[in-house]
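Enquirer: Straight run, no breaks: the sequence shown in the working numbering ends on number 81. From the three backbone atoms N, C-alpha and C, an ideal C-beta is built for every residue, glycine too. Submitted below is the structure of interest, expressed as structure tokens.
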Amino acid sequence: MSTRPPLPPFDRESAIQKVRLAEDGWNGRDPAKVALAYTLDTKWRNRSTFVNNREEAQAFLTEK
């Protein structure tokens, strides 16, 4: 697994960069790319839907 900057500890500029990269990822609306931002054992709940890993997160985002 590779690391992607910016990495902690964050200063103001690197924190802003981190937030903008996350926003760009979500706004790109690519479920595969968004899902990579989450751990392999991620757990989500969206109303009555429960997502229990990265693959299920990607499938959930694809359906949306």
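Rounded to the nearest angstrom, what separates Ile33 and Leu57 at their Cα positions?
Expert: Counted from its first residue, the sequence shown places residue 33 at position 16. Counted from its first residue, the sequence shown places residue 57 at position 40. Roughly 26 Å separates the two Cα atoms.
Enquirer: State the Cα-Cα distance for the pair Val36 and Glu80, rounded to the nearest angstrom.
Expert: Walking along the sequence shown from the start, residue 36 turns up at place 19. Walking along the sequence shown from the start, residue 80 turns up at place 63. The straight-line gap from Cα to Cα measures roughly 25 Å.
Enquirer: In chain order, what residues of the same chain lie with their CB nearer than 6 Å to the CB of Phe77, ignoring the 5 residues before and after it?
Expert: Locating residue 77 in the sequence shown gives position 60, where the first residue counts as 1. The residues are Val68.
Enquirer: Rounded to a whole number of angstroms, what is the C-alpha to C-alpha distance between Asp12 and Pro22?
Expert: A question about residue 12 goes unanswered here, because the residues of the chain that appear run from 18 up to 81.
Enquirer: Per DSSP, Val51 forms a beta bridge with which residues?
Expert: The residue labelled residue 51 in the question sits at position 34 within the sequence shown. Val51 pairs with nothing; no bridge assigned.
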